[in-house]
Amino acid sequence: MGDSQYSFSLTTFSPSGKLVQIEHALTAVGSGQTSLGIKASNGVVIATEKKLPSILVDESSVHKIQSLTPNIGVVYSGMGPDFRVLVRKSRKQAEQYHRLYKEPIPVTQLVRETAAVMQEFTQSGGVRPFGVSLLVAGYDDKGPQLYQVDPSGSYFSWKASAMGKNVSNAKTFLEKRYVEEMELDDAVHTAILTLKEGFEGQISEKNIEIGIIGEKKEFRQVALFIFPLCVSA
Amino acid sequence: MSNSAIDVPSRGGFSFDLCRRNDMLAKKGVNLPSFRKTGTTIVGLIFQDGVILGADTRATEGPIVCDKNCEKIHYMAPNIYCCGAGTAADTEAVTDMVSSQLQLHRYHTGRESRVVTALTLLKKHLFNYQGYVQAALVLGGVDCTGPHLHTIYPHGSTDTLPFATMGSGSLAAMAMFESKYKEGLTKDEGIQLVVDAICSGIFNDLGSGSNVDVCVITKGHKEYLRNHLLPNPRTFVNAKGYSFPKKTEVLLTKITPLRERVEVVEGGDAMEE
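Laid out in structure tokens, this is it:
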């Protein structure tokens, strides 16, 4: 980073001590499609709306939920292309960690390294912050974990969280519904209901994506034939 | 030479700076320590359902056997394995690196790795280093286009074959293959032939020995038979064990427990965030 004419940072402090570019990045995230995550006692579920700009788009080619390692998955709210770049970098970092230490990367480590990348882009020359917030779901030796990473590079561990358009309603809904000893199946059900709350139009298995990771520590996308059973209520 | 505090390594390729120094030292009689090499017999063959790879388990440092049971069949991908002969560090590092690259490639494409992909990544790397990375490999696997078996030489050339052998025991093993190989072998016939070939290397080549490892790869399934055959067990083990008579008398025993040097104060101030 730091081409000749842009060796200065575009993200500079305002007189009130704020980094305006990061605030704007968070606004970009806030206008992105809703995504949420719930940590259960025996796993984690992450879910997102998948509203495509037109019915002509081949929805099977769009993957908003990606896996970073066999036991860590991620979803985003905000700008898709920025997400792709971060996923690529994170996968490479996870693989490098594995090469060096011959153990699968712990969730906290991967979150930390991804956050460090996002922070770099707030303090380097000629670049802008990423316009995405990530929800990282993983299951390692410390159990199930859910982290949110913001464009500023700060990260938080959540029991349940939401981001994007419908964040306040979704979070209120989750606060009411969240129970400490929730199992993974209940968590999936709750996730779908939370998405349904703020959904414009008819919710179906074609316009949402759900990823889960259970005790077997394998992140995978849920085949949505269970969907009709969950959304009869 | 850069002036920055961080030493930036030169981009790409092997740094040959120390080769002149090594030559000069060798002329003065100071030789490089000998590498740990895998003397080795490694083989591979294609049978009716896939690929079988085999290897011995002896690693040598010059005339000394430094590892009697090392693993020469390396994992590359769930459907691809690679046997390595030559300098042990080189084979392990190169297969590890390409295995990592294949994993990233699988994430990006969402597909199973192909054997030719592993082949190309390996040969590119070895050619780049002009033979200084001394790894001779037998690469085998089954992908969507079928079973494949390749040999890769340290300078970067490759062959595609129905049956292949590499290493110091390759001639002994090839003699077995040439006389007994035929197309459409069953799994048991294939494993038996591979075992025969490796045993031929174990017993007739000094650089190969100890046990036989076998790996069978078929479509969607693999079996790694570590130490499939142990033709060299330790035969004469003293059942009574060895007892060495005591030479030094104990006159006095005094135990001094270590005292704590640091006082631990519970509940101090928390660090400011």
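Line order of the protein sequences matches chains A and B.
Under the numbering used here, the residues of the first sequence are numbered 189 to 421, in order.
Under the numbering used here, the residues of the second sequence are numbered 8 to 280, in order.
Idealized CB from N, CA, C, for every residue including glycine.
Just to confirm the assignment, what range does the beta strand (DSSP E) spanning residue i have?
| i | result |
| --- | --- |
| B:G147 | A142 to D150 |
| B:L232 | H228 to L236 |
| B:L32 | No beta strand (DSSP E) contains B:L32, which is instead part of the alpha helix (DSSP H) from D24 to K34. |
| B:T158 | G153 to I159 |
| A:L334 | G331 to V337 |
| B:A66 | A66 to E68 |
| B:T225 | V219 to T225 |
| B:D63 | G57 to D63 |
Is there a C-beta anywhere in chain D that falls below 8 Å from the one on residue i?
| i | result |
| --- | --- |
| B:Y114 | No chain D is part of this structure, whose protein chains are labelled A and B. |
Which residue marks the beginning of the alpha helix (DSSP H) containing residue i, and which one marks its end?
| i | result |
| --- | --- |
| B:A100 | A95 to T116 |
| A:G268 | G268 to Y289 |
| B:T123 | Note that residue 123 of chain B is Val in the sequence shown here, rather than Thr. V122 to N135 is the extent of the alpha helix (DSSP H) around B:V123. |
| B:C2 | Only positions 8 to 280 of chain B appear in the structure, and residue 2 of chain B is not among them; the question remains open. |
| A:E301 | V295 to E308 |
| A:L256 | No alpha helix (DSSP H) contains A:L256, which is instead part of the beta strand (DSSP E) from Q254 to T257. |
| B:M183 | S177 to K187 |
Can you round the beta-carbon distance between residue i and residue j to whole angstroms, since I take them to be within the 8 Å contact cut?
| i | j | result |
| --- | --- | --- |
| A:S278 | A:T310 | Contact doesn't hold; Cβ gap of about 17 Å is too wide. |
| A:I401 | A:A325 | 6 Å |
| A:L372 | A:S349 | Between A:S349 and A:L372 the Cβ distance is about 17 Å, and since that is not below 8 Å, they are no contact. |
| A:E247 | A:K394 | 6 Å |
| B:T158 | B:M173 | 6 Å |
| A:Y327 | A:K405 | 5 Å |
| B:K187 | B:L168 | With a Cβ gap of about 16 Å, B:K187 and B:L168 do not count as contacting. |
What is the DSSP secondary structure of residue i, counted as helix, strand or coil?
| i | result |
| --- | --- |
| B:G51 | strand |
| A:N395 | coil |
| A:M189 | Residue confidence is low: A:M189 scores 46 on pLDDT, short of 50, so the model does not pin down where it sits. Its coordinate-derived value is still stated next. Three-state DSSP puts A:M189 in coil, outside helix and strand. |
| B:F251 | coil |
| A:Q409 | strand |
| B:G208 | helix |
| A:K227 | strand |
| B:G91 | strand |
| B:G197 | helix |
| B:S11 | In this predicted model, B:S11 has a pLDDT of only 47, less than 50, meaning its place in the structure is not dependable; the value taken from the coordinates is given anyway. Reduced to three states, the DSSP call for B:S11 is coil. |
| A:S265 | strand |
| B:V272 | coil |
| B:E280 | Caution applies to B:E280, whose pLDDT of 49 falls short of 50 and renders its modelled position unreliable; the value that the coordinates give is listed next. In the structure shown, B:E280 sits in coil (DSSP, three-state: anything other than H, G, I, E or B). |
| B:D166 | strand |
| B:D203 | helix |
| A:L383 | helix |
| A:L372 | helix |
| A:F361 | helix |
| B:V244 | coil |
Strictly below 7 Å CB to CB, what residues from chain A border residue i?
| i | result |
| --- | --- |
| B:Q110 | E283 |
Name the chain B residues whose beta carbon is nearer than 7 Å to that of residue i?
| i | result |
| --- | --- |
| A:R431 | Here chain A has residues from 189 to 421 only, and residue 431 of chain A is not among them. |
| A:R287 | D103 and S107 |
For a contact defined as C-beta to C-beta under 8 Å, what are the partners of residue i on chain A?
| i | result |
| --- | --- |
| B:D220 | Those do not exist, as B:D220 stays about 20 Å from chain A at its closest Cβ, beyond 8 Å. |
Enumerate, from N- to C-terminal direction, the unbroken beta strand (DSSP E) stretches of 3 or more residues contained entirely within the segment 195-245 of chain A.
223-228 and 231-237
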